[in-house]
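Below: the structure, in structure tokens.
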Amino acid sequence: MVARGLRALRGALRALAAGRRFSTRPARAPAMDYQDAIRTLNTLQTNASYLEQVKRERGDPQAQLEAMQGFLERSGLKVEDLDRLNIIHVTGTKGKGSACAFTECILRSYGLKTGFYSSPHLVQVRERIRINGQPISKELFSKYFWLVYNRLEETKDPVHASMPAYFRFLTIMAFHVFLQEKVDLAVVEVGIGGAYDCTNIIRAPVVCGVSSLGIDHTSILGDTMEKIAWQKGGIFKPGVPAFTVVQPERPLEVLRDRAQERDCPLYLCPELDAFEGGRWALKLGLAGDHQRSNAALALQLARTWLQRRGCQGLGELKEVPPGAKLAGRPVPLAPTFRPTDAMIQGLRDTEWLGRTQVLPHGPVTWYLDGAHTTSSIQACVRWFRQAALNQDKPHDGSEVRVLLFNATGDRDTAALLKLLLPCHFDYAVFCPNFTEVSVASNADQQNFNVTLENALTRCLENQRTWTQLLDEKGGQDPWLPAPLRVGGGLLQPAPARGTLLLVPPAPRPLNSPALVFPCLAQALRWIAQGRDPQLAAPAATGAHPHPTASSGAVLLREAAAIRVLVTGSLHLVGGVLRLLDPSLSQ
11 MVARGLRALR
21 GALRALAAGR
31 RFSTRPARAP
41 AMDYQDAIRT
51 LNTLQTNASY
61 LEQVKRERGD
71 PQAQLEAMQG
81 FLERSGLKVE
91 DLDRLNIIHV
101 TGTKGKGSAC
111 AFTECILRSY
121 GLKTGFYSSP
131 HLVQVRERIR
141 INGQPISKEL
151 FSKYFWLVYN
161 RLEETKDPVH
171 ASMPAYFRFL
181 TIMAFHVFLQ
191 EKVDLAVVEV
201 GIGGAYDCTN
211 IIRAPVVCGV
221 SSLGIDHTSI
231 LGDTMEKIAW
241 QKGGIFKPGV
251 PAFTVVQPER
261 PLEVLRDRAQ
271 ERDCPLYLCP
281 ELDAFEGGRW
291 ALKLGLAGDH
301 QRSNAALALQ
311 LARTWLQRRG
321 CQGLGELKEV
331 PPGAKLAGRP
341 VPLAPTFRPT
351 DAMIQGLRDT
361 EWLGRTQVLP
371 HGPVTWYLDG
381 AHTTSSIQAC
391 VRWFRQAALN
401 QDKPHDGSEV
411 RVLLFNATGD
421 RDTAALLKLL
431 LPCHFDYAVF
441 CPNFTEVSVA
451 SNADQQNFNV
461 TLENALTRCL
471 ENQRTWTQLL
481 DEKGGQDPWL
491 PAPLRVGGGL
501 LQPAPARGTL
511 LLVPPAPRPL
521 NSPALVFPCL
531 AQALRWIAQG
541 RDPQLAAPAA
551 TGAHPHPTAS
561 SGAVLLREAA
571 AIRVLVTGSL
581 HLVGGVLRLL
591 DPSLSQ
């Protein structure tokens, strides 16, 4: 089925993408503006290459950290220089970015100048390096990029002939930015894992945090929660307090053992309810019940940082009742405290794009969440169903629900898609993370290791999986309107006319209204049908439109409300944000 769909695509794709395959590395331009910096950065390998590098090196983590230290020193910094950054180091599988965002906003509410290093970016690379909650400017990015890049180029010799990979380079650059811009503290999010991560050259953070653990990056971190917990506990440092949230018993025991090995005092965060004391509810800037554990972790990290840095007005601690410190837990419970006004404000004002984010655009409402693990998809489903329930219902009841999905890496997409079935989508739309068929003009989103054809192969597999999941539920789904009960299709670009040809991916019609588009721009235009002011109306179809796209277009144009869940990949969410909110690209 997939092979047949791909054969139908290849001719058009070759014509469209001639000379535009994403594996082509651009030459460095002589000018040193932002786009030149990003294009040069992209030549330092993409995330996929970095993951392969980590797999090769993981047998000798000390060698990895020594290599990172060597790159840092070639750039003009020593590891001990990082001690001046007063770092909060955070790892985890789910919610570590949100926990970092809460923590940074709380400390900024105290009037501190904050640095924040995170990954991945959604729209522009400079989002990864923030000062006072804002991505650094293009001018600052360019300045520090070329400073670091040129130093590394100048220090090449027969022994040190290489350049750091993409993520390692940005980590080094972030340290330069934070030191030279004289931040009071830096919140640093681990990239992958912990023990082997290049951020783990940090030797003396002020405090560490571990958000919820789950299964992800199994080819690097291991295929069990215990193995993953061992990796995450690798950021613990002697004498540096660390906090974690409620975890399954065995992974929590592994974290405890890692903390004991490293002489690190580890504490378990109480639930957020304990901070509210039954008297008031803390308002969070990020939606979803799963954000409450991230907020509780952020409160502990922020207060501990303030305490260790000698700040006053931290909120009175509540004594942990005798016997409650362990109470059958492998890790002692941290004391709670009454949050200060600055803490309350920080939690309320936190913004973190692409996570449980709602964008109402007229009759079309976009629900964006970059969930990409089984547990985070489960949390996403709970959030989406509640958020959609809270929206005003159309008077005539004509509401259409659309899933826009993609996943990358070694993730089990069948497991993720199965979890999304209870949302009762009328359509499932699959497409690569590319905003356009060619992203040559958008260096921030270039991916040198993925061709359009390979990306579409995965989309076709996801389409087939979705259809099989619906078949297993009993064939045609009772919630689908009759006009939707038609075969799926693959939307294929037709280079001769610049329009869309609709090609069935299999000899028999599929049972679900599932479509595959070659890029996000075409997918979003079809979903919105000209009803979102940020999106143009879809192009006219070719001579033989597929019935799913045709009947679907009619229903989407006539529906009183269209609710679209975008999930499965932060890169997918980033591409959608770029199209729906052009200001993010400025």
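Numbering-wise (my numbering), the sequence shown opens with residue 11 and increments by one.
Virtual Cβ for every residue (Gly too), placed ideally from N, Cα, C.
Since this is a predicted model, take the numbers as computed values, not measurements.
In the structure shown, what three-state DSSP assignment does residue i receive?
i           : result
residue 137 : helix
residue 584 : helix
residue 257 : coil
residue 222 : strand
residue 196 : strand
residue 186 : helix
residue 488 : Note that residue 488 has pLDDT 39, beneath the 50 cutoff, so the model's placement of it is unreliable and no number is given.
residue 298 : coil
residue 335 : Model confidence at residue 335 stands at a pLDDT of 49, short of 50, so the residue's coordinates are unreliable; what they give is reported in the following sentence. DSSP places residue 335 in coil when its eight states are reduced to three.
residue 409 : strand
residue 251 : coil
residue 80  : helix
residue 571 : strand
residue 44  : helix
residue 576 : strand
residue 439 : strand
residue 515 : Interpretation of residue 515 is limited by its pLDDT of 48, a score under 50 that renders its predicted location unreliable; the figure taken from the coordinates is listed afterwards. Reduced to three states, the DSSP call for residue 515 is coil.
Check each candidate in the options and name the one with the smallest Cα separation from residue i.
i           : options            : result
residue 72  : 244, 391, 291      : 244
residue 274 : 283, 240, 248, 596 : 248
residue 378 : 138, 391, 385, 281 : 391
residue 426 : 573, 386, 255      : 386
residue 182 : 119, 311, 92       : 92
residue 350 : 53, 82, 74, 116    : 116
residue 145 : 569, 131, 580      : 131
residue 578 : 545, 479, 531, 472 : 472
residue 83  : 126, 120, 45, 178  : 178
residue 79  : 352, 209, 253, 296 : 209
residue 539 : 559, 523, 529      : 559
residue 537 : 467, 441, 359, 165 : 441
residue 382 : 105, 240, 94       : 105
residue 223 : 303, 295, 287      : 303
residue 389 : 433, 477, 284      : 433
residue 476 : 300, 436, 445      : 436
residue 308 : 149, 360, 271      : 360
residue 48  : 155, 404, 120      : 155
residue 603 : 533, 454, 271      : In the structure as shown, the chain begins at 11 and stops at 596. Residue 603 is therefore absent and cannot be evaluated.
Should residue i and residue j be called a contact, given that it needs their Cβ atoms to be closer than 9 Å?
i           : j           : result
residue 215 : residue 98  : yes
residue 414 : residue 591 : no
residue 112 : residue 136 : no
residue 399 : residue 343 : no
residue 219 : residue 410 : no
residue 202 : residue 384 : no
residue 439 : residue 525 : yes
residue 237 : residue 204 : no
residue 298 : residue 580 : no
residue 584 : residue 464 : no
residue 314 : residue 253 : yes
residue 125 : residue 138 : no
residue 176 : residue 74  : no
residue 293 : residue 357 : yes
residue 161 : residue 86  : yes
residue 417 : residue 468 : yes
residue 282 : residue 305 : yes
residue 9   : residue 445 : Nothing in the structure corresponds to residue 9, since the chain is present only between 11 and 596.
residue 603 : residue 50  : The requested residue 603 does not occur in the structure, where the chain is confined to residues 11 to 596.
residue 276 : residue 258 : no
Roughly how far, in whole angstroms, is the beta-carbon of residue i from the beta-carbon of residue j, given that I think they are within contact range, below 8 Å?
i           : j           : result
residue 373 : residue 541 : 5 Å
residue 582 : residue 576 : 6 Å
residue 96  : residue 319 : 7 Å
residue 401 : residue 375 : 7 Å
residue 194 : residue 122 : 4 Å
residue 197 : residue 110 : 5 Å
residue 77  : residue 127 : Not a contact, Cβ separation roughly 19 Å.
residue 431 : residue 479 : 6 Å
residue 453 : residue 52  : 6 Å
Flag residue i as yes when its Cβ comes closer than 8 Å to any non-hydrogen atom of the ligand NAD, and as no otherwise.
i           : result
residue 346 : Among the components of this structure there are no ligands whatsoever, and the ligand NAD is therefore not found.
Starting from the N-terminal side, write out each stretch of the alpha helix (DSSP H) that is 4 residues or longer and does not extend beyond the stretch 340 to 370. The stretch 340 to 370 contains these whole alpha helix (DSSP H) runs: 351 to 359.
Which complete beta strand (DSSP E) runs does the stretch 94 to 156 hold, if anything under 3 residues is left out? 97 to 101, 124 to 127, 139 to 141
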